[in-house]
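According to the numbering used here, the sequence shown is numbered sequentially starting from 886.
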Amino acid sequence: MVQAGDALARRRFLGFLAASPLAGALFPGGLGSGEAQAADAAATSITAAEQAINVFDLQAVAERTMRPAHLGYLQTGVLDDRTVAANRDGFHKYGFRARRLVDVGTVDLSIELFGQTWASPVALAPVSSQRAFHQDAERPSARAAQRRGALQTISTLTNVSFETLIDDRQAPLWFQLYPTNDPKTARRLVERADAAGAGAIVLTVDLLAGGMRRETQAALARRDAGNCAQCHDRTAGFPDYLRRKAMFDGLDLSRTTALGDPRLTWDYVRQVRSWTKKPVLVKGIMSGQDAEQALTHGADGIVVSNHGGRAEESLVGAIDVLPEVVAAVRKRAPILIDGGFRRGSDVFKALGLGATAVCIGRPYIWGLSAYGQLGVETAMRLIDEELTSAMRQAGVGRVSRISGADVVKL
Ligand SMILES: Cc1cc2nc3c(=O)[nH]c(=O)nc-3n(C[C@H](O)[C@H](O)[C@H](O)COP(=O)(O)O)c2cc1C
C-alpha cells in the first residue's frame, strides 16, 4: 500500500510512541508540543475539516473511510509505486534561503496565466471519476475552486458534464483531453469543451500507450468485498465504459477502443492545436527534449508530470526534471508541474525553480472524500497558508518575485 509521505509515516510513528509504555522512558520530558499534537492527531484522527493541520490529516480520514477498491484507485502508482515515492523524495533535494527583515506584511499569491488572474499558484489537477470519492462527483471540487478563485483542469473522464462544472465554477475551467484512438472522438471532445467555455485544452500524453501495471489498485480491489457490479459492469466493453462518462454522451464510439493510441507522434499536438483557438498545453512532460518538441509542435504551455507516478515506473520525480524543462523552455511558455506536492514549501521550491503554477491531485481528493467541498477547500487553504509562511520566511511578498536565488540545492 502506498504510504502518504514522510509526515504521515512520522505521525503514525509518533502516535505509536505516544500510546506506548516506552514513551516515558524515551522522552522523559514529554514530546515537544508540535510532536505531541501530531501524535495525538494520529492516535485520535480528526473529526472535522477545520481540525486538519495539514493535508495528511485529510488523507488519514479518507483512508479510514473509503472502500478499499476506491482507495486503491486513488493511491496507486505503477508496479512498486516507487515513482510515487520519487515525486515526494525530490523535494528533499532542495531547501530555501531564509531572509530576515524584509517587509512581507502583505503576501500576494496571485498569478497570471494566458491573460487570466488566479488567486493562487496552486491549481486542481484533472482527476477522473470523482463519484468514486463523493456522491456529487466533480461538483464539490468545482465549487471549492470557485470559492478559492483557483484554476482547475477537468478530466475527460468526469461523471458530471463539463458544462455543469463550468456553471459551478462560474469561470473558465481548463479541459484535459485523453485523445482516444479515434481523432473524430477527440475533435468532438475539444469542440464541445471549447463551446462550453474552456479556458485551455490540456492534452495528456503520458498514457498514450497505456500505463504500466497498477498493482496497488489491483491488490486493494481484490480485498474489496463490496458489490462493485452495481456501478461497474465488467462484462460491458470499452465503449460502454466511455458511454457512462458524461463527455462521451451522444458520440459515435464505434471506433473508439482506447483512451490513447501508441502510434501517435508529436504531429498530433499540431492537429489538436488546429481544432481550437484556445491555448493548448501538453501534460505529461518529463524531459527538456520533450518540452522543446511540444513547443516546436505548437503547444502554448507545458505540464511537467508523470501522472502522479501512475504512468511509468521511471523512479524520476517530477521536481527532478523541472530544471531541465525550464532550461529548454527559456521563458517562451508557462510551465505547470504536478506530482507529490503536499506542502506550501514544495510549491515554493517549484516556483523558485521556474514553474508558473503547481497542480495538486490526491490531496484535494482526500479532502473531497473526507469532507466534500469543505474538504477540498481545506486542502487548498492549508497549502496556500503554508506557501504564505514559506514566502514570509524567504522574504518574498509576491509569487512573481520568487526566483532561483531563493532555492538552495542540498
Ligand atoms: C485518481 C486519479 C485520477 C486521475 N485522473 C486523471 C485524468 O483523468 N487525466 C489526467 O490527465 N490525469 C489524471 N490524473 C493525474 C493527475 O492529474 C496528476 O497528474 C497527479 O494526480 C498529480 O500527482 P499527485 O496526486 O501526487 O498530486 C489522475 C490522478 C489520480 C490520483
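Heads up, the beta-carbon is just placed ideally off N, CA and C, and yes, glycines get one too.
Since the structure is predicted, the reported quantities are computational estimates derived from the model, not experimental observations.
Could you work out which residue in Val-1090, Phe-1047, Val-1292 is closest to Arg-1077 when comparing CA atoms only? On the sequence shown, residue 1077 is found 192 positions in, with the first residue counted as 1. Residue Phe-1047 is the option with its Cα nearest to Arg-1077.
Counting only runs that start and end within the region 938-1005, where is the alpha helix (DSSP H) found for 4 or more residues in a row? Counting only runs of 4 or more, we get 940-950, 953-960, 967-974.
Tell me, to the nearest whole angstrom, how far the beta carbon of Ala-1240 is from that of Ile-1220; I am working on the premise that it is less than 8 Å. In the sequence shown, the residue the question calls residue 1240 occupies position 355. In the sequence shown, the residue the question calls residue 1220 occupies position 335. Correct: roughly 5 Å between the Cβ atoms.
If you run the structure through DSSP and keep just helix, strand and coil, what is Gly-1084? Taking the sequence shown and counting its residues from 1, the one referred to as residue 1084 is at position 199. Coil.
On the CB-based measure, 16 or more other CB atoms within 10 Å of its CB, does His-977 come out buried or exposed? Numbered from its first residue, the sequence shown carries residue 977 at position 92. Of the other Cβ atoms in all chains shown, fewer than 16 fall within 10 Å of the Cβ of His-977; this residue is therefore exposed.
Below 8 Å between beta carbons: does that hold for Val-963 and Arg-1277? As a first step, residue 963 is located in the sequence shown; it is residue number 78 there, counting from the start. As a first step, residue 1277 is located in the sequence shown; it is residue number 392 there, counting from the start. Result no, Cβ atoms of Val-963 and Arg-1277 do not sit closer than 8 Å.
Is it the case that the Cβ atoms of Val-940 and Trp-1251 are separated by a distance below 8 Å? For the purposes of this step, residue 940 is taken as residue 55 along the sequence shown, with counting starting at 1. For the purposes of this step, residue 1251 is taken as residue 366 along the sequence shown, with counting starting at 1. A contact, by the Cβ cut-off of 8 Å.
Tell me the DSSP bridge mates of Val-1189? As a working note, residue 1189 is residue 304 in the sequence shown. Beta-bridge pairing links Val-1189 to Ile-1170, Ile-1222.
So what does DSSP say about Lys-1162, is it helix, strand or coil? In the sequence shown, the residue the question calls residue 1162 occupies position 277. Lys-1162 falls in the coil class under three-state DSSP.
To the nearest angstrom, how far is the alpha carbon of Ser-1139 from that of Gly-1095? Residue numbering aside, residue 1139 sits at position 254 when the sequence shown is read from its first letter. Residue numbering aside, residue 1095 sits at position 210 when the sequence shown is read from its first letter. Whole-angstrom Cα-Cα distance: 20 Å.
Taking the alpha helix (DSSP H) that Phe-1047 belongs to, which residues open and close that run? The count along the sequence shown starts at 1 and reaches residue 1047 at position 162. Per DSSP, Phe-1047 belongs to the alpha helix (DSSP H) from 1047-1054.
Short of 6 Å in beta carbon distance, which residues of its chain neighbour Arg-1072, apart from the five on each side in sequence? Order them along the chain. Mapped onto the sequence shown, residue 1072 falls at position 187. Result list for Arg-1072: Trp-1160, in chain order.
Check whether Trp-1151 and His-1182 have beta carbons under 8 Å apart: Reading the sequence shown from its first residue, position 266 is the one you call residue 1151. Reading the sequence shown from its first residue, position 297 is the one you call residue 1182. Yes; because the gap between Cβ atoms is below 8 Å, this pair is in contact.
So, helix, strand or coil for Leu-1062, using DSSP? Along the sequence shown, one-based indexing puts residue 1062 at 177. DSSP places Leu-1062 in strand when its eight states are reduced to three.
Hey, would you say Trp-1059 sits closer than 8 Å to Leu-1036, going by beta carbons? Locating residue 1059 in the sequence shown gives position 174, counting from the first residue. Locating residue 1036 in the sequence shown gives position 151, counting from the first residue. In contact: Trp-1059 and Leu-1036 (Cβ atoms closer than 8 Å).
Given 8 Å as the limit, is there contact between the region 930-946 and the region 1166-1182, that is, 3 or more CB pairs closer than that? Under the 8 Å Cβ criterion, the region 930-946 does not count as touching the region 1166-1182, having fewer than three qualifying pairs.
Please tell me whether Pro-1006 and Val-1243 are closer than 8 Å, where the distance is taken between their beta carbons. Counted from its first residue, the sequence shown places residue 1006 at position 121. Counted from its first residue, the sequence shown places residue 1243 at position 358. Yes, Cβ-Cβ distance for Pro-1006 and Val-1243 is below 8 Å.
How about Leu-1092 and Gly-1145: do their beta carbons lie closer than 8 Å? Residue 1092 sits at position 207 when you count from the first residue of the sequence shown. Residue 1145 sits at position 260 when you count from the first residue of the sequence shown. Yes, they are a contact pair.
By DSSP, does Ala-910 sit in helix, in strand, or in coil? In the sequence shown, residue 910 corresponds to position 25, counting from 1. The predicted position of Ala-910 is uncertain, since its pLDDT is 40 and thus under 50; no value can be drawn from it.
Option in Pro-1064, Val-992, Leu-1009, Arg-1215 with minimal Cα separation from Thr-1263: Locating residue 1263 in the sequence shown gives position 378, where the first residue counts as 1. For Thr-1263, the nearest C-alpha among the options comes from Leu-1009.
Unbroken alpha helix (DSSP H) runs of length 4 or more, entirely within the region 1073-1143: which are they? 1100-1107, 1123-1128
Environment of Asp-1231 [buried if 16+ CB atoms lie within 10 Å]: Within the sequence shown, the letter at position 346 stands for residue 1231. Per the 10 Å Cβ criterion, buried.
Is Leu-1207 helix, strand or coil by DSSP? On the sequence shown, residue 1207 is found 322 positions in, with the first residue counted as 1. When secondary structure is reduced to three states using DSSP, Leu-1207 falls in the helix class.
Output needed for Ala-933: all residues of its chain with C-beta closer than 8 Å, excluding positions within five of it in sequence on either side, in chain order. In the sequence shown, residue 933 corresponds to position 48, counting from 1. Once the five neighbours on either side are set aside, the close Cβ partners of Ala-933 are Tyr-1256.
Look at the alpha carbon of Gln-960 and the alpha carbon of Arg-1195, and state the distance between them as a whole number of angstroms. By 1-based counting over the sequence shown, the position of residue 960 is 75. By 1-based counting over the sequence shown, the position of residue 1195 is 310. When rounded, the distance between both Cα atoms is 9 Å.
Buried or exposed: where does Arg-1119 fall if 16 or more other Cβ atoms within 10 Å of its Cβ makes it buried? Counting from 1 along the sequence shown, the entry for residue 1119 is found at position 234. Exposed is the call here.
Between Ala-1080, Gly-975, Ile-1051, Asp-1185, which has its C-alpha nearest Val-1201's C-alpha? In the sequence shown, the residue the question calls residue 1201 occupies position 316. Measuring from the Cα of Val-1201, the nearest candidate turns out to be Gly-975.
Considering only their Cβ atoms, is the gap separating Asn-1066 from Thr-1142 smaller than 8 Å? The sequence position of residue 1142 within the sequence shown is 257, counting from 1. The sequence position of residue 1066 within the sequence shown is 181, counting from 1. At the C-beta level, Thr-1142 and Asn-1066 come within 8 Å of one another.
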